[in-house]
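See structure below.
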Amino acid sequence: MTEMFSTLGSWNWLIFGFILMALELAAPGVFLFWLGLAALLVGLLSFVFTPSWQTQLLMFAVFAVAAVPAWRHFARSTREASKSNPFLNRRNEALIGREFTLEKPIIDGTGTVRIDDTIWRVAGPDLPAGSRVKVVGADGASLTVAMA
Numbered sequence: 006m007t008e009m010f011s012t013l014g015s016w017n018w019l020i021f022g023f024i025l026m027a028l029e030l031a032a033p034g035v036f037l038f039w040l041g042l043a044a045l046l047v048g049l050l051s052f053v054f055t056p057s058w059q060t061q062l063l064m065f066a067v068f069a070v071a072a073v074p075a076w077r078h079f080a081r082s083t084r085e086a087s088k089s090n091p092f093l094n095r096r097n098e099a100l101i102g103r104e105f106t107l108e109k110p111i112i113d114g115t116g117t118v119r120i121d122d123t124i125w126r127v128a129g130p131d132l133p134a135g136s137r138v139k140v141v142g143a144d145g146a147s148l149t150v151a152m153a
């Protein structure tokens, strides 16, 4: 057993790191990625100087434990970034409360409005083209409007 540990080299750590990262793709959970990163760091440091197998295992343990607060910091920063732009993937909800001019009249409850470079389908009371409308609701790719 000590013979196996004594032969731990840079390439073994690099291969181990890539295997752990590949396993992360098969079973995602953001746990094996950090262990794989720790193994890669040990492998890269082993190229610079030749530590004993005990030192290599100790470095792996330290890097793996240090990865937990690093992950928490990373996850917290991405969570805060998503809070700063709450409508990132819900563009239609960001339009609620804004006023626009009808491009095509609302006839039988359906019309269109141009918002920036996009034409949106709107539903609401019958109104002529050029009328100002206020967005009061959003459902998928359709907006519900009322006269402004």
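Per the numbering used here, the sequence shown starts with residue 6, numbered consecutively. All C-beta atoms, glycine included, are put in the ideal place defined by N, C-alpha and C.
If you keep only unbroken alpha helix (DSSP H) runs of at least 4 residues inside the region 11 to 48, you get 15 to 31.
Going by C-alpha positions, Arg103 is about 23 Å away from Asp113. Taking the Cα positions, Leu37 is about 7 Å away from Leu28. Phe105 is bridged by DSSP to Val138.
Distance from the CA of Val118 to the CA of Pro130, rounded to the nearest whole angstrom, comes to 14 Å. Between Lys109 and the set Leu42, Ser136, Asn17, the nearest pair of CA atoms involves Ser136. The alpha-carbon separation between Ala32 and Trp39 amounts to approximately 14 Å. Annotation: Arg96 is outside any beta strand (DSSP E); the continuous alpha helix (DSSP H) that includes it extends over 96 to 99. For Ala153, no beta strand (DSSP E) segment is defined, and its DSSP state is neither H nor E.
Residue pairing by DSSP puts Gly116 in a beta bridge opposite Val127. Beta-carbon to beta-carbon, Leu107 and Ala134 are separated by about 5 Å, close enough to satisfy the 8 Å threshold. Phe68 and Arg96 have their C-alpha atoms roughly 41 Å apart.
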